[in-house]
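Residue numbers (this note's numbering), protein chains in the order written: chain D, 28 to 349; chain E, 2 to 522.
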């Protein structure tokens, strides 16, 4: 049943992916030939325009283009990007690596830090530590990621000169390999992921704090205390695992926001991710690339939903039984 | 738990040690024989120049992106028959040329001893092949070639004759100075050049060779071509890399020069104050205009268009929106930075009461219009709205992306729109189908336009183009607003040969990145 649901959703999204971009006014050629900011506009006659349309297969009837698109997709062929002049799959994969690296690092960072700080806050409820954490996490979370990113650049890159102002590798290119390459990539990854970690921290932190407070009031915690267990053991062994449950769903649901935040941060740091790609594909009306990027986002959202579903039922036996 | 944490920390420390130790280990691993190579001589230190860039496509003539910067990347690898410097056309792959009386037959004499990057010699066959191939396969920027050129013949190994269907006034710059010559021995067997992206696809005769191109990191790395026919470039390694903020990147010396235009003037002023940077200013050949839908009322009346021209305070727009990063245009569209600008056009003064009088005369009152603009020009649009409000015209500003506006312009479904247009270094560029001034039907305008396009004599052509501008200023198919300026801010210690190319590179690309900048001249 669930499989059928997922398949139906997929089909609807695929069709929307195809028709929505084509319903927007303008076509890919209007950008190739006469964009208002172009410093070298190209004057083409109607005849050449038709030749170009034919080359990209845009002269076929819409129904034909649609079936071609579905058939190609079934063969794993995402088509040819008109603006980038390369296979959509290679354009996407080339950038996806970097986005995944950035998003993965940021997710690990904000989840780990959020859980840690949330648990600490709950344990020290009402103390100065708790209030200090509450205020600072809350104010950081209300900043837009791109703004924080710019502040980080000004502080760490321009004033202190400790980190590069952007890019994923050394700007002049490098022949580094192995560990040295990893170090170089990590060096460039630090500020962008820090910006994401700090701005996305608040969700996990607050949820963890609340959930932990709830758990700490349970009878089994009182029992543990009565047994004379050490504070650390109570916190880590008994309270933490049970307080973690809502976090799992939270991470999956939060993914959409993280993708958005990542896009902005990628732009500010000129990081080679998919963020600018989606923007570029939209402005240039690059239909095949638009279809590809939206397909990718859909795949991600669905995958994480599914993962959250499955993981949650594994973690919480009550859900499985229900 | 404690154990796991300590193991993790230990692992991290070890990893750090390994990374840290690596450079220290390398010298012992280096063979002794290589040691003399490491001693730096006074001239042996490679000179690298890093410039801000973006992804403009794999720099072959067929896979580059169509806009100006894509052409520039390709121009480092490929050469043209003629080229331009700060004074105008100069011989390049052809060391001389002549043209027949009627302007339809051009003879080019190739420079001898030019070699492709792979060592093969350049011959007249390569040139004839290039034109034939470009007529058959669509290359961005040269789609019109098959309509212009009748045939191309090689008379001997170094002489080429081009026969045109009719004379083209801008032939030297737009064709001979723009078409990249490609090697026959490589492209002969290529069926679909748009999908040909091997190493062979970037073999040209140019001053640089491509070492690395990364689409997603938006990076180009070139190395100097030691065999270049005009001598080895003074830069050994030329790097283009993507940065978000060019001013910041120049300040931190991530790049060695930065490029700005129009509203970015604040950044230029800030950098100008730095001790070790210098600035040059040039023309952008770009124009921002207010487009009238002259096919439907009320703008079918030229009086109404004139009233609007008087009602809009264009100097205020330049002052308040661009902070003097642009110059107020006259009404003839062509930028004062070109040879074709007509300085004698009567100025159009800001005169709201005069505008109201005109509107009263033609009996057009109580107008309510929409003004389309892209997000970039919303502030200009708001000022225009305020100005038109003063003369009793109600304006609603609607902002959309360029694709949407382009669609509406094509369908004629709009009242007023703000749009820019670049590359008008040569009047021939006005002939862009989406360019409303030229779709406007006027017998004299059409005749003048056609005639200037065929007139090779520069003085006669200038007279025609001046008259053309007078008519545009009279009939006002569009109201020109301003021409932005452009700047190059650079570190003179790295390279101090920057200049602006007269009439722009190729068909009029306004850029500082002329390959001549990197050569000994």
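Glycine included, C-beta positions come from ideal geometry on N, C-alpha and C.
Any C-beta of chain D under 7 Å from that of residue i
i: residue 301 of chain E; result: no
i: residue 136 of chain E; result: no
i: residue 290 of chain E; result: no
i: residue 74 of chain E; result: no
i: residue 514 of chain E; result: no
i: residue 405 of chain E; result: yes
i: residue 244 of chain E; result: yes
i: residue 374 of chain E; result: no
i: residue 26 of chain E; result: Caution is warranted here: a pLDDT of 33 is assigned to residue 26 of chain E, below 50, making its placement in the model unreliable, and no coordinate value can be reported.
i: residue 124 of chain E; result: no
i: residue 278 of chain E; result: no
i: residue 37 of chain E; result: With a pLDDT of only 40 at residue 37 of chain E, under the threshold of 50, the placement of this residue in the model should not be trusted; the figure read from the coordinates follows. It does not; no Cβ of chain D falls within 7 Å.
i: residue 389 of chain E; result: no
i: residue 81 of chain E; result: no
i: residue 64 of chain E; result: yes
i: residue 496 of chain E; result: no
i: residue 339 of chain E; result: no
For residue i, the residue or residues it bridges with in DSSP
i: residue 108 of chain D; result: D/113
i: residue 86 of chain E; result: E/89
i: residue 585 of chain E; result: Nothing can be reported for residue 585 of chain E: it is not among the residues displayed for chain E, which extend from 2 to 522.
i: residue 309 of chain D; result: Residue 309 of chain D is not bridged to any residue.
i: residue 220 of chain E; result: E/215
i: residue 62 of chain E; result: Looking at the DSSP assignment, residue 62 of chain E forms no beta bridge with any residue, so it has no partner.
i: residue 396 of chain E; result: E/370
i: residue 294 of chain D; result: According to DSSP, which records beta bridges pairwise, residue 294 of chain D is partnered with nothing at all.
i: residue 108 of chain E; result: E/99 and E/162
i: residue 488 of chain E; result: E/261 and E/282
i: residue 300 of chain D; result: Paired residues: none, contrary to the question.
i: residue 50 of chain E; result: E/239
Contact with chain E by residue i, beta-carbon distance below 7 Å
i: residue 75 of chain D; result: yes
i: residue 122 of chain D; result: yes
i: residue 48 of chain D; result: no
i: residue 193 of chain D; result: yes
i: residue 303 of chain D; result: no
i: residue 269 of chain D; result: no
i: residue 112 of chain D; result: yes
i: residue 299 of chain D; result: yes
i: residue 53 of chain D; result: yes
i: residue 134 of chain D; result: no
i: residue 341 of chain D; result: no
i: residue 40 of chain D; result: no
i: residue 198 of chain D; result: yes
i: residue 115 of chain D; result: no
Own chain, CB closer than 8 Å to residue i, minus 5 neighbours either side, in chain order
i: residue 339 of chain E; result: 284, 286, 425, 426, 427 and 504
i: residue 183 of chain E; result: 62, 79, 127, 130, 131, 134 and 205
i: residue 399 of chain E; result: 371, 372, 373 and 374
i: residue 156 of chain D; result: 147 and 148
Same chain, Cβ closer than 6 Å to residue i, five either side skipped, listed in chain order
i: residue 146 of chain E; result: 135 and 136
i: residue 321 of chain D; result: 44
i: residue 342 of chain E; result: 335
i: residue 27 of chain E; result: With a pLDDT of only 34 at residue 27 of chain E, under the threshold of 50, the placement of this residue in the model should not be trusted, and no figure is reported.
i: residue 514 of chain E; result: 73
Neighbourhood of residue i by C-beta, 7 Å cutoff - its chain only, sequence neighbours within 5 removed
i: residue 216 of chain E; result: 56
i: residue 172 of chain D; result: 222, 223, 226, 288, 291 and 292
i: residue 314 of chain E; result: 351 and 388
i: residue 201 of chain E; result: 187
i: residue 165 of chain D; result: 229
Any non-hydrogen atom of the ligand NAD within 6 Å of residue i CB
i: residue 271 of chain E; result: Although the ligand NAD was asked about, the structure shown includes no ligands whatsoever.
Uninterrupted alpha helix (DSSP H) stretches inside the segment 306-377 of chain E (no shorter than 4 residues): Qualifying alpha helix (DSSP H) stretches, in chain order: 315-321 and 353-363.
Every unbroken alpha helix (DSSP H) inside the segment 130-213 of chain E [4 residues or more]: Listed in chain order, they are 146-149 and 185-188.
Completely contained alpha helix (DSSP H) runs for the segment 222-267 of chain E, where each covers 4 or more residues: Fully enclosed alpha helix (DSSP H) runs of 4 or longer: 247-252.
Inter-stretch contact at 8 Å, needing at least 3 Cβ pairs: the segment 251-271 of chain D / the segment 146-164 of chain D: Touching, per the Cβ criterion.
Inter-stretch contact (C-beta, 8 Å, three-pair minimum) for the segment 314-331 of chain D and the segment 34-44 of chain D: These segments touch.
Three or more C-beta pairs below 8 Å linking the segment 111-124 of chain D and the segment 334-344 of chain D: Output reads no: the segment 334-344 of chain D does not touch the segment 111-124 of chain D.
Every unbroken beta strand (DSSP E) within the segment 175-200 of chain D, with a cutoff of 3 residues, ordered by chain: Counting only runs of 3 or more, we get nothing.
At least 3 beta-carbon pairs within less than 8 Å: the segment 274-284 of chain E vs the segment 483-493 of chain E: Cβ pair count under 8 Å is three or more, so yes.
Cβ contact (3+ pairs, closer than 8 Å) linking the segment 78-98 of chain E and the segment 134-141 of chain D: Three or more Cβ pairs closer than 8 Å define a contact, and the segment 78-98 of chain E falls short of that threshold against the segment 134-141 of chain D.
At least 3 beta-carbon pairs within less than 8 Å: the segment 100-114 of chain E vs the segment 162-178 of chain E: The segment 100-114 of chain E is in contact with the segment 162-178 of chain E.
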